[in-house]
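Here our numbering is used: position 76 in the sequence shown is 576, and no number is missing along the way. Cβ coordinates follow ideal geometry from the N, Cα and C atoms, glycine included. This one's a predicted model, so the numbers in the text were calculated from it and none came from an experiment.
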Amino acid sequence: MNQLVLVVNSGSSSIKYQLVDVGTGDALAGGLVERIGEGGEGSLRHDGPAGRTERTQPVPDHEAGVRAVLDLFEEVGPSLTAGGLTAVGHRVVQGGDRFTEPVLVDDQVEAAIADLSPLAPLHNPPNLAGIRAARHAFPDLPHVAVFDTAFHHTLPDAARTYAIDREVARAHGIRRYGFHGTSHAYVARRTAELLGKDPADVNLIVAHLGNGASITAVRGGESVETSMGLTPLEGLVMGTRSGDVDPAVIFHLQRVAGMSTDDIDALLNRRSGMLGLAGANDLRDIHDAIEAGDGDARLALDVYCHRLKHYIGAYYAILGTVDAIAFTAGVGENDDVVRELSLAGLDRLGITVDPDRNAGRKKADTVVSPDGAEVTVLVVPTNEELEIARQAVAVASA
Ligand code: ADP
């Protein structure tokens, strides 16, 4: 029997959704509602069996956004009411110490997600708004929350602990949580499969390079180190986030530039990274600018790849031996220059890239290292929606 799951990823002003057939792994439909609650018209895009439907209409809140999505499904298909949904899967960014696995949502779970909002103020509240609206729309279906942090609950204490006063850290839940867990879990499992090995028998480095970016060391199927920390701001250089900076940069900006906490939050999360260095967050624009001779764009790419290499070396050391390095998400799958530069010069570690195999964008799983390389380098397109759908079915049918 088909097991259909509606996967919902609800952001502050957007709802991304996909209808997934867990049996075949296919996405039957999907789309995006944007500009929710921004005053003007919201925009809707739905891709289904009848092709693409686009429209604008007022979408004052997430409740209205979910209703608009359901209307689209009924109007242009596939019908959700007729199709027999098994469950609704919800992406939730921060699960804290409480949620180390996906859970069936009830009122207590909703309250706990709300309680975790101080740790993820930009993400958990809109995630919860999406859950509430969808539970309202489908009161009789199981709703499953799948947490970005859950895959990283295996981080050893030495990796998850910040060296700050332990009482302060304990009182405020300050530790490294890690994010993008759904993607890292999916890609790690798929990579082991492609190597023809049991996940328990391999050591992997997974680089999820999208607009947000993180890298994870996976030993025997478990996350043992990851670059994002208390929040998704730590680690790699990202589209608009700085990644690692000396924390004293913040005090300096407060004291010397008179910036407020919110100003600095916005600076580091939304106006830094590639956007801050080169004026564009999209790597395609960075490459175009480099072609045109833009030195800032050149430096931005160098900083990006330097940081990535720094982490790859660190995670090699953490793991001791590495069977494979997998690149995924928008940059990881499409940007051959980033893959090449971040691994350049690592031959002594058994890491090499075959230029012909590496060239171009990869729409499917592809090995880009030469035959017989000590470390297999691959591109493995991520599929967070399928992973959420699978986990939702597993929880709903348990
Ligand atoms: P998100 O992190 O928002 O889920 P994606 O994983 O889709 O997004 O990554 C989006 C990013 O992927 C873009 O900002 C861009 O930097 C990068 N990207 C997409 N296509 C290409 C391409 N052809 N070449 C280089 N980078 C690309």
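Note on the stretch 660-718: whole beta strand (DSSP E) runs with a minimum of 3 residues are 703-709, in chain order. Per DSSP, P558 is one residue of the beta strand (DSSP E) stretching across 551-558.
Under DSSP, Y517 takes part in a beta bridge, and its partners are V508, G531. Per the C-alpha coordinates, the member of E610, A564, A614, E667 positioned closest to H643 is E610. Rounded to the nearest angstrom, the gap between the Cα atoms of D526 and A637 is 24 Å.
Under a 10 Å Cβ-count criterion, E833 is classified as buried, with 16 or more other Cβ atoms of the shown protein chains found around its own Cβ.
For G860, the distance from the CB to the nearest heavy atom of the ligand ADP is not below 7 Å. With 16 or more other Cβ atoms inside 10 Å of its own Cβ, F827 counts as buried.
Around the ligand ADP, the residues selected by a Cβ distance under 7 Å to any of its heavy atoms are G710, N711, G712, G739, N781, D782, L783, R784, H787, A829, G830, V831, N834, D835, R861, following chain order. Nearest to D794 by C-alpha distance, out of L777, G589, N624, is L777.
For G830, there is no enclosing beta strand (DSSP E); the enclosing alpha helix (DSSP H) covers residues 829-834. By the criterion of a C-beta distance shorter than 7 Å, A700 is surrounded in its chain by G720, G721, once the five residues flanking it on both sides are discounted. Counted as a single uninterrupted DSSP element, the alpha helix (DSSP H) harbouring G795 occupies residues 795-819. The stretch 687-698 and the stretch 757-771 do not touch, with fewer than three beta-carbon pairs separated by less than 8 Å. Comparing alpha-carbon positions, the option among C805, H752, Y662 lying closest to G739 turns out to be C805. With a threshold of 16 other beta carbon atoms within 10 Å, S742 meets it and is buried. In this structure, A568 sits near V533, with a CB-CB distance shorter than 8 Å. With a threshold of 16 other beta carbon atoms within 10 Å, Q891 meets it and is buried. For the options H653, S510, G712, the alpha carbon positioned closest to that of I631 is the one of S510. Residue ranges of uninterrupted alpha helix (DSSP H) with 4 or more members, entirely inside the stretch 537-604 and ordered along the chain, are 562-576, 580-583. Boundaries of the alpha helix (DSSP H) harbouring F751: 748-756, taken from the DSSP string.
C-alpha of G779 to C-alpha of S714: approximately 21 Å in a straight line. H643 has V588 as its beta-bridge partners, per DSSP. Between S579 and E884, the CB-CB gap reaches or exceeds 8 Å. For A659, the CB contacts under 6 Å within the same chain, skipping 5 residues up- and downstream, are E725 in chain order.
The residues V724, in chain order, have a CB closer than 7 Å to that of P656 in the same chain once the five nearest residues on each side in sequence are set aside. Taken atom to atom, the span from the alpha-carbon of V603 to that of I790 is near 46 Å.
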